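Since the structure comes first, as structure tokens, the remarks are kept for the end.
In the numbering used here, the protein residues as written are 46 to 302.
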């Protein structure tokens, strides 16, 4: 299982639900569910998290394609020590889903990454803007204002999230053609993310529209859709863990088809 964070995310903090400090001056603690909760539900899984520079306030010139190529390069190196190829389940939040889709499209057409593509059997998208995000266009304007003020910002990433972006449409169209052997689960947010009054990613943007895609809402905002504090029955993590278990079963079925 490989988790990929989104815009302005972090390899660990994106997946961590922070808890208030127990007393003034004490350090805050938190639950990193990929490490603290998921192994008890999937004891046989090797769980990893992938990090890349997705900061909004950054001078990086990297775009989604470059991020995707770096992901493939690092995964290929990481898997070279494996005696056998194990199936891969990706979990991607927000922009991480765009990076993943681009990576798999690249892998499909390049033999050096063929094993990575063939062993990708499942994907869980969490608030990924397949059709762009309604907040990205205003954010791009804000980025220009901040740049004038002397603050550096990665405009390429914000531009890639503009609603109805041609590049996004083309990427989703290309990705749909290569998903025959991949089981896909898509979660969408149902709560606004403060200080915004609306959703960051609308439900129709968070789904691919594939015939066998599993589509489910989570009672969370865009930030908390991938952060869970505990494993209480019926809680967000419990819902996600159950769906991951079912997804893995579907992966096994497709893998033997």
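Ideal placement from N, C-alpha and C gives every residue a C-beta, glycine not left out.
Just so you know, these numbers come straight off a predicted model, no measurement behind them.
Contacts around residue i, its chain only, beta-carbon distance under 6 Å, and the 5 residues preceding and following it disregarded
i, result
"residue 176", "250"
"residue 145", "49, 135 and 137"
"residue 87", "none"
"residue 74", "64"
"residue 259", "230"
"residue 171", "138, 232, 270 and 271"
"residue 264", "235"
"residue 208", "177 and 179"
Same chain, Cβ closer than 7 Å to residue i, neighbours up to 5 away in sequence not counted
i, result
"residue 105", "98 and 199"
"residue 79", "48, 60, 92 and 94"
"residue 277", "283"
"residue 53", "99, 100 and 101"
"residue 110", "147"
"residue 237", "243, 244 and 266"
"residue 224", "255"
Other residues of its chain near residue i: CB distance less than 8 Å, five sequence neighbours each side excluded
i, result
"residue 91", "46 and 131"
"residue 275", "76, 82 and 282"
"residue 108", "201, 202 and 205"
Buried or exposed by the 16-neighbour rule on C-beta atoms within 10 Å, applied to residue i
i, result
"residue 222", "exposed"
"residue 64", "exposed"
"residue 178", "buried"
"residue 268", "buried"
"residue 126", "exposed"
"residue 261", "exposed"
Integer Cβ distance of residue i from residue j, believed to fall under 8 Å
i, j, result
"residue 51", "residue 140", "4 Å"
"residue 203", "residue 184", "5 Å"
"residue 299", "residue 228", "6 Å"
Any non-hydrogen atom of the ligand SAH closer than 7 Å to residue i Cβ
i, result
"residue 290", "Judged by which ligands are present, the structure shown has none, so any question about the ligand SAH falls away."
The stretch 164-172 in contact with the stretch 127-141 per 3-pair CB rule at 8 Å
By the criterion of at least three beta-carbon pairs nearer than 8 Å, the stretch 164-172 is in contact with the stretch 127-141.
Ranges of the beta strand (DSSP E) found wholly within the stretch 90-167, counting only runs of at least 3
Counting only unbroken stretches of 3 or more residues, the beta strand (DSSP E) elements lying wholly within the stretch 90-167 are 93-95 and 133-138, in sequence order.
Which ranges does the alpha helix (DSSP H) cover as unbroken runs of at least 4 residues, wholly within the stretch 228-293, from first to last along the chain?
Segments of the alpha helix (DSSP H) lying fully in the stretch 228-293: there are none.
Under 8 Å, with one C-beta from each stretch per pair, do the stretch 111-128 and the stretch 140-159 reach the 3-pair mark?
Segment contact: the stretch 111-128 against the stretch 140-159, three or more CB-CB distances shorter than 8 Å; contact assigned.
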